[in-house]
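Novice: Chains as they are written, first to last, in our numbering: chain B, 148 to 211; chain U, 16 to 480.
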C-alpha cells in the first residue's frame with residue numbers, strides 16, 4: 148500500500164482467548180501513582196520468556 | 016471504530032478494536048476522514064470530496080486502498096468483546112505498602128497531607144505488620160508467581176530499618192511458597208545514602224525518586240519541613256543512585272502544576288542532568304488551589320506536550336536519548352485485552368496497606384470514608400468491595416464504552432473518579448483529556464520513529480500473545 152502504512156498490527160481481539168495470565172506489572176506501581184496508562188506496560192509472557200510448567204507457573208526469573 | 020488524528024505533524028489512524036496503528040499520507044487522511052464523517056459514503060462520494068485537492072488517479076488509488084484496508088479488517092475491526100468477564104477470581108497480587116505515614120518534606124500538592132492522610136496521626140509501619148502484609152499477599156495471590164510490593168509513604172525511608180526487615184522476610188517467603196517479590200520504593204530521595212543505595216540496587220526491582228524538574232520549580236512546591244528548598248538535598252543522591260543502577264529500572268518522577276505549564280522545560284532539565292527515565296505528571300488536586308490545572312489551561316498544556324514531543328524526537332535521534340513515561344507505548348508487545356479491560360487493578364488485584372494494617376483499594380483511597388477494605392492483622396477483607404472494583408472495568412463505564420482510548424487508559428484512575436465525581440465508574444474529565452493528548456503524541460512518536468524502518472518490511476504484531 149502506498150497511502151496507508153501499517154506500523155503495528157497487534158490484533159488485540161485475539162488476546163481475549165490467549166491472554167490474562169495476570170503476571171504483568173500493575174500499571175500504577177511502575178512510575179506514576181497518579182495517572183493510569185496501561186498500554187505502556189509490557190506483556191509479562193513475552194518479557195519474562197515464560198515457560199509454562201504443569202501448574203502454569205513461570206519457571207524462569209526475570210533478568211533482575 | 017477508528018480514531019484518526021494528527022500529532023507532531025504526523026497523520027495516524029488507530030483501529031481501536033485491533034490496536035492496529037497506521038501512518039497515513041494526506042490523501043489517505045482526507046479519504047478516511049470523509050468516510051468517518053459520512054459512514055454510508057460511496058466511492059464516488061469520497062472521490063467527489065477529494066477532487067479539489069488531488070488528481071483523480073491518486074484519489075481513486077487511495078480510495079481503493081481504503082476499501083481494501085476495511086475488507087481486510089485492518090480498519091473498523093468489529094468489537095470482539097461484547098460480553099466480557101474479568102476472570103481474576105479474587106486474587107490480590109500487588110500491594111502499596113505504606114512504610115511511613117510521616118514525611119520530611121511538606122510538598123504543597125501532597126494528596127497524602129504530608130504523610131498523615133488526613134488522620135492527624137503520624138506513624139511508622141511496624142516490621143511485624145509489614146510481614147503480616149506479605150503473608151496476607153502470598154495467601155491471596157493464588158497461582159500468581161510475581162508479587163509486587165511498593166514501599167510508599169509519606170516518606171518510606173523514614174522507616175528504612177523496617178523495609179530491610181520486611182524485604183528479608185519476603186525473600187524467605189519466596190523460597191517457601193515459590194513466589195517472586197518485585198519490591199519497589201517511591202521516595203523523595205532526601206535520606207538516600209550509600210547504604211540505602213546499595214540495598215536498593217540489590218533488592219529493588221524499581222526505584223521512583225520524586226523531582227519536579229528545574230530547581231526553582233521543585234523548591235517552590237517541595238519545601239522541607241522548615242520551609243527551605245529540597246532540590247539541592249536530593250539531586251546528588253538521585254544521580255548517584257542512577258549511576259550505580261546503570262540507568263536501569265528507575266524513574267525520576269515529578270509533578271507539574273499551573274505554576275509551570277512550561278513543564279517541557281522541567282523534563283528537559285532532568286534529561287540535561289543525565290537522567291534517562293523520566294515521568295512528569297499533571298497535579299491532581301482540589302480546583303480551589305491556585306496551582307490546580309484548569310480546563311482553560313488545556314490548549315496550552317496540549318501545545319506543551321507537542322513541544323516536548325518534537326524535542327524528544329530530536330534528542331533521541333541525536334544521541335541524547337531519554338524515555339518519557341507517557342510517551343512510551345508498547346504498541347506491539349503490550350498488554351493483552353484482559354489487562355486492558357481491568358487497568359491498574361486497584362481494589363481488585365492491587366491494594367494499599369497502611370501502618371496500622373488497614374487495607375484500602377489503593378494509596379489514593381487511604382483515609383477516605385467507607386473505603387476501608389479490611390486489615391492484614393485480623394485478615395478481614397471486604398470481598399464485596401473487591402468484586403465491585405473488579406466489575407468496574409472499562410467497558411462497564413458509560414463514558415468509556417465508546418471512547419477511542421479505552422484500551423490504552425483502561426478507564427482511568429478509580430481514585431480520581433471517586434474524588435471528583437463521587438463514583439469510581441465516572442472518570443475525571445481533566446484526566447481523560449490529558450490522557451488522550453499524551454496517547455496521540457505517544458503514537459505519533461512511535462510512528463515517526465518506526466515508519467522508515469518498517470517501510471522495508473512487514474509491521475510488527477503480537478498476534479497470539
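Think of the CB as a built atom: it goes at the ideal place given N, C-alpha and C, for glycine as much as any other residue.
Taking 7 Å as the threshold (beta carbon to beta carbon), is residue 462 of chain U in contact with chain B?
Specialist: Locating residue 462 of chain U in the second chain gives position 447, where the first residue counts as 1. Closer than 7 Å to some Cβ of chain B, the Cβ of residue 462 of chain U qualifies, so yes.
Novice: I think residue 28 of chain U touches residue 37 of chain U, with their Cβ atoms under 8 Å apart; what is that distance to the nearest whole Å?
Specialist: Taking the first residue of the second chain as 1, we reach residue 28 of chain U at position 13. Taking the first residue of the second chain as 1, we reach residue 37 of chain U at position 22. Contact flag correct, Cβ pair sits at about 5 Å.
Novice: Locate the beta strand (DSSP E) running through residue 18 of chain U, then write down its first and last residues.
Specialist: Reading the second chain from its first residue, position 3 is the one you call residue 18 of chain U. Its beta strand (DSSP E) spans residues 17-22.
Novice: Counting pairs of Cβ atoms below 8 Å between the region 150-168 of chain B and the region 315-327 of chain U, do you hit three or more?
Specialist: As far as the Cβ criterion goes, the region 150-168 of chain B does not touch the region 315-327 of chain U, which means the pair count is below three.
Novice: Can you have a look at residue 57 of chain U and say buried or exposed, based on whether 16 or more other CB atoms are within 10 angstroms of its CB?
Specialist: By one-based count along the second chain, residue 57 of chain U stands at place 42. The residue in question, residue 57 of chain U, is exposed, as its Cβ has fewer than 16 Cβ neighbours within 10 Å.
Novice: Looking at C-beta atoms only, is the number of pairs between the region 162-171 of chain B and the region 125-141 of chain U that lie closer than 8 Å three or more?
Specialist: Too few Cβ pairs lie closer than 8 Å, so no.
Novice: Only counting runs of 4 or more residues, tell me where the alpha helix (DSSP H) segments fall wholly within the region 189-223 of chain U, in order along the chain.
Specialist: Qualifying alpha helix (DSSP H) stretches, in chain order: 209-218.
Novice: Which residues of chain B have a Cβ atom closer than 9 Å to the Cβ of residue 107 of chain U, listed in chain order?
Specialist: The residue you call residue 107 of chain U lines up with position 92 of the second chain. What residue 107 of chain U touches in chain B: nothing, since even the nearest Cβ is about 10 Å away.
Novice: Tell me, please, whether the CB atom of residue 69 of chain U is closer than 7 Å to any CB atom in chain C?
Specialist: Among the protein chains of the structure shown, namely B and U, there is no chain C.
Novice: Is any heavy atom of the ligand FAD found at a distance shorter than 6 Å from the C-beta of residue 259 of chain U?
Specialist: By its list of ligands, the structure shown contains no ligand whatsoever, and the ligand FAD lies outside what it can speak to.
Novice: Looking only at its chain, what residues have a beta carbon closer than 8 Å to the beta carbon of residue 141 of chain U, apart from the 5 residues adjacent to it on each side?
Specialist: In the second chain, the residue the question calls residue 141 of chain U occupies position 126. Once the five neighbours on either side are set aside, the close Cβ partners of residue 141 of chain U are 177 and 370.
Novice: For chain B, check one thing: does any of its Cβ atoms lie closer than 7 Å to the Cβ of residue 382 of chain U?
Specialist: By 1-based counting over the second chain, the position of residue 382 of chain U is 367. By this cut-off, residue 382 of chain U is not an interface position.
Novice: Could you spell out the range, first to last residue, of the beta strand (DSSP E) harbouring residue 110 of chain U?
Specialist: Your numbering for residue 110 of chain U matches position 95 in the second chain. Residue 110 of chain U -> beta strand (DSSP E) spans 109-113.
Novice: Of the choices U:327, U:382 and U:346, whose alpha-carbon is the least far from that of residue 338 of chain U?
Specialist: Counting from 1 along the second chain, the entry for residue 338 of chain U is found at position 323. Measuring from the Cα of residue 338 of chain U, the nearest candidate turns out to be U:327.
Novice: DSSP three-state label for residue 174 of chain B, please.
Specialist: Within the first chain, residue 174 of chain B is the residue found at index 27, counting from 1. Helix.
Novice: What three-state label does DSSP hand residue 161 of chain U in the structure shown?
Specialist: As a first step, residue 161 of chain U is located in the second chain; it is residue number 146 there, counting from the start. Here residue 161 of chain U sits in strand by DSSP.
Novice: Counting C-beta neighbours from all protein chains within 10 Å, is the total for residue 229 of chain U 16 or more, i.e. buried, or is it exposed?
Specialist: Within the second chain, residue 229 of chain U is the residue found at index 214, counting from 1. So residue 229 of chain U ends up on the buried side.
Novice: To which residues of the same chain is residue 44 of chain U closer than 6 Å at the C-beta, ignoring the five residues directly before and after it?
Specialist: In the second chain, the residue the question calls residue 44 of chain U occupies position 29. If we look at residue 44 of chain U and ignore the five residues flanking it on each side, its Cβ neighbours are 26.
Novice: Give the DSSP-derived three-state secondary structure of residue 370 of chain U in the structure shown.
Specialist: Here residue 370 of chain U corresponds to residue number 355 of the second chain, with the count starting at 1. Of the three classes helix, strand and coil, the one that applies to residue 370 of chain U here is coil, per DSSP.
Novice: Tell me which residues share the same chain as residue 260 of chain U and place their Cβ nearer than 6 Å to its Cβ, disregarding the 5 neighbours each side in the sequence.
Specialist: By 1-based counting over the second chain, the position of residue 260 of chain U is 245. So the list reads 216, once near-sequence residues are dropped.
Novice: So which residues on chain B does residue 361 of chain U lean against when the C-beta distance must stay under 8 Å?
Specialist: Numbered from 1 along the second chain, position 346 holds the residue referred to as residue 361 of chain U. Under the 8 Å cutoff, chain B gives 175.
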